[in-house]
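Residue numbers (this note's numbering): 23 to 427.
Using N, Cα and C, we set each Cβ at its ideal position, and we do this for glycine too.
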Amino acid sequence: MRVLLVGAGGVGGAITRIAARRPFFEAMVVADYDPDRAEAAVAALDGDVRFTAEQVDAGDEAAVARLLRWHRCDVLLNATDPRFVMPLFRAARAAGATYLDMAMSLSRPHAERPYEECGVKLGDEQFTQAADWEKEGLLALVGMGVEPGLSDVFARYAADELFDEIEEIGIRDGANLTVDGYDFAPSFSIWTTIEECLNPPVVYETGKGWFTTEPFSEPEVFDFPEGIGPVECVNVEHEEVLLVPRWVDARRVTFKYGLGREFVETLKTLHLLGLDRTDPVTVPGQDGPVKVSPRDVVAACLPDPATLGERMHGKTCAGTWVRGVKDGKPREVYLYHVVDNQWSMAEYGSQAVVWQTAINPVVALELLATGAWSGAGVLGPEAFPARPFLDLLTDYGSPWGMREQ
């Protein structure tokens, strides 16, 4: 297997460190718009000759396709933010390569009823091309991070092995992470966090299909395992709600994020001031007026999440809560994966949130390389058997857990 990894930021850098310990691939080309960042990611791998650095603009489909062909890569792994999903998705198909991402094509709210009806849903642009990918015998494995990704694998595992009927699947994400020296320092890309938290959340129900609610709706307190404890969670737009019902039979699917009240209020303030907008505004500059995206300014003013590991303390938990029936009796479980920041920094030099995101696409790549997973079309993690993934995740030294509720 020869892989083109586009994006050498926090998650991309963690991907290289995890992959470097595995023998399943022949080469990995690490490409970024910033050549210094790509070079730094490769330099950190102690001379592993399988890794090389390149410069590429993720928005330039033709350039990405040329890079895939030049290096004879058969897989494109997208580790950029969601703005670049579609150009990279199209570039992979143009080059005849398998495509993997950790977030899907962007949504657009319904023009008249944004908090009741879906407009363009997450992943819609990709799924409209599913028949073409399948006809060409190509695979696009979408949403293969931790959430979405591992959370979807948990949903498939629950359907296959733990339940006869599923009433509800709820992704629940929480942490007790703190960052020394910062009052507000998101542990993941603020651009992506604003996108998913301020868009109308999507809920799925049998008979009703997909519909939306107000941001931060339906608050609940969820008790997270391994010492994290109770965290208030709220509805947030996320890919799992759009993926799970396509392959898993469940009457209701939700995603709730443990943001904390201070984080929620900060996001609401950004929205109130228009600082969550992506369309450019004109501001005075040293050499005259310049156009800038308010959201890009917010991101530039905050610390890079990839650099916060040494200041971070605590654990992060991603998981899937499932309620249903097994052998005629009610059952409720929480399938989860916890990463301690102290461990991920000591073992890999990556902070917990980006490391937890990064390990899952590497596991998926290995399953594709060995043939344990295979397919054609635009497929989510639920379209594949869960047990091989969960077994290999444990083999990577990162076990998962299950709690009967």
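Between the segment 93-100 and the segment 129-142 there are fewer than three C-beta pairs closer than 8 angstroms, too few to call the two in contact.
Taken in chain order, the complete beta strand (DSSP E) segments of 3 or more residues contained in the segment 150-220 are 161-163 and 187-197. Under DSSP, the beta-bridge partners assigned to CYS339 are GLY196 and VAL360. By the criterion of at least three beta-carbon pairs nearer than 8 angstroms, the segment 278-292 is in contact with the segment 218-226.
Between the segment 258-271 and the segment 170-185, the count of C-beta pairs closer than 8 angstroms reaches three or more; the two stretches touch. In terms of Cα proximity to ASP349, the closest of THR235, VAL384, PHE185 and GLY229 is PHE185. Around the C-beta of CYS323, fewer than 16 other C-beta atoms lie within 10 Å, and the residue is accordingly described as exposed. Our two residues, GLN427 and ALA181, have alpha carbons roughly 17 angstroms apart in a direct line. Annotation: ASP82 to ASP326 spans about 24 angstroms, alpha carbon to alpha carbon. Taking 8 angstroms as the upper bound for CB-CB distance, VAL51 and LEU26 are in contact here, some 5 angstroms apart.
Relative to the Cα of VAL344, the nearest Cα in the group ASP146, ILE193 and TRP213 belongs to ILE193. In this structure, DSSP gives LYS230 a state outside helix and strand, which the three-state scheme calls coil. The Cβ atoms of GLN378 and MET334 do not sit closer than 7 angstroms to each other.
Classified as exposed, GLN308 has fewer than 16 neighbouring CB atoms from the shown chains inside 10 Å of its CB. Scanning PRO302, TRP365, ALA87 and ARG353 for the CA closest to the CA of THR338 turns up TRP365. Annotation: the segment 103-138 contains the following complete segments of the beta strand (DSSP E) (minimum length 3 residues), in chain order: 120-122. Residue pairing for PHE285: DSSP places it in no beta bridge. Within the segment 314-338, the alpha helix (DSSP H) runs of at least 4 residues that lie entirely inside it are, in chain order, 316-323.
With respect to GLY32, ALA328 sits close: the two C-beta atoms are nearer than 7 angstroms. Where LEU98 is concerned, there is no enclosing alpha helix (DSSP H), although the beta strand (DSSP E) around it starts and stops at 97-100.
In the DSSP annotation of this structure, the continuous segment of the beta strand (DSSP E) that includes ARG425 starts and ends at 423-426.
Between ILE40 and TYR370 a beta carbon distance of about 7 angstroms is seen, short of the 8 angstroms cut, so the two are scored as contacting. Within the same chain, and ignoring the five residues on either side of LEU412 in sequence, the residues whose Cβ sits closer than 7 angstroms to its Cβ are VAL175, TYR179 and TRP422. Counting other Cβ atoms within 10 Å of its Cβ, PHE46 stays below 16 and is therefore classed as exposed. For ASP245, the uninterrupted beta strand (DSSP E) segment begins and ends at 242-246. Residue environment: ASP154 is assigned as exposed (fewer than 16 neighbouring CB atoms within 10 Å of its CB, all protein chains considered).
Rounded to whole angstroms, the Cβ separation of ALA386 and MET166 is 5 angstroms, and the two are in contact under 8 angstroms. Just so you know, the alpha carbons of ALA80 and PRO109 end up roughly 7 angstroms apart.
Under the three-state reduction of DSSP output, GLN373 falls in the coil class, being neither helix nor strand.
Note on geometry: alpha-carbon atoms of TRP232 and ARG273 lie some 11 angstroms from one another. In the three-state scheme derived from DSSP, where H, G and I count as helix and E and B as strand, LYS143 is classed as coil. Contact annotation: ILE191 and VAL303 have beta-carbon atoms that are not nearer than 7 angstroms. Taking 7 angstroms as the cut-off, the Cβ atoms of ASN257 and GLU242 do not count as close. By the CB criterion at 7 angstroms, ALA63 and ALA30 fall inside the cutoff.
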